[in-house]
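Residue numbers (our numbering): 600 to 806.
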Ligand SMILES: [Zn+2]
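As structure tokens, then:
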């Protein structure tokens, strides 16, 4: 009565041990493989993850940086983005025909934005009827947003005005404007967008 059990047990136990060992080894191998594949899977995502983290780190300047980043980087990209006349004026320093633009005879209350990057550049309160056929302003909203460049084209000496943010040609500034500035920013409608709104003189100046 002892024969089968006494002789059978060691066999079964050793067999079980071998099986367990094999299972254990097989398990290890599988785990190693899993780890390896997991590692190789994470490598590409590691390359992707830093940009995904960056936006959350830069909170304050994020919106401005993003809009600049979204702007076309080459003239080819600008050409795809802008209608032909706007491209000609803004990127190739063209001039729209007098009395043809959409803003020379425009008298709504609001802000005139750069047609390229939407930066607010001029306000309706500084707009005046110069009679020249282009929207004219006695001053810009913020001098820092407009760059003045000497323009010697067409045999004349003029001062070109350019959007600082996106480099768009806007028009020229002349010294025959109304008081108190004596300036006339003569701007192409094609370089502008308009945003209707309240007067901004009260909110802009903090005293
Ligand atoms: Zn601009």
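Where is the CB? At the ideal position from N, CA and C, for every residue including glycine.
- Proximity to ligand 1 was defined by a C-beta distance below 6 Å to any of its heavy atoms, and the residues meeting it, in sequence along the chain, are 713, 715, 716, 718, 762, 764, 765 and 767.
- Of 705, 703 and 675, the smallest CA-CA separation from residue 691 is found for 675.
- Membership of residue 696 in any beta strand (DSSP E) is not indicated, and neither H nor E is assigned to it by DSSP.
- Sorting 751, 739 and 704 by C-alpha distance to the C-alpha of residue 729 places 704 at the top.
- Residue 755 sits exposed, since fewer than 16 C-beta atoms from the chains shown fall within 10 Å of its C-beta.
- Counting along the chain, residue 757 sits inside no alpha helix (DSSP H); it lies in the beta strand (DSSP E) bounded by residues 757-762.
- Across the set 720, 724, 725 and 750, the C-alpha of 720 shows the shortest separation from the C-alpha of residue 741.
- Beta-bridge partners of residue 746 (DSSP): 761.
- A residue is called buried once 16 or more other Cβ atoms fall within 10 Å of its Cβ, and residue 783 is buried on that count.
- Within the DSSP bridge table, the entry for residue 674 names no partner.
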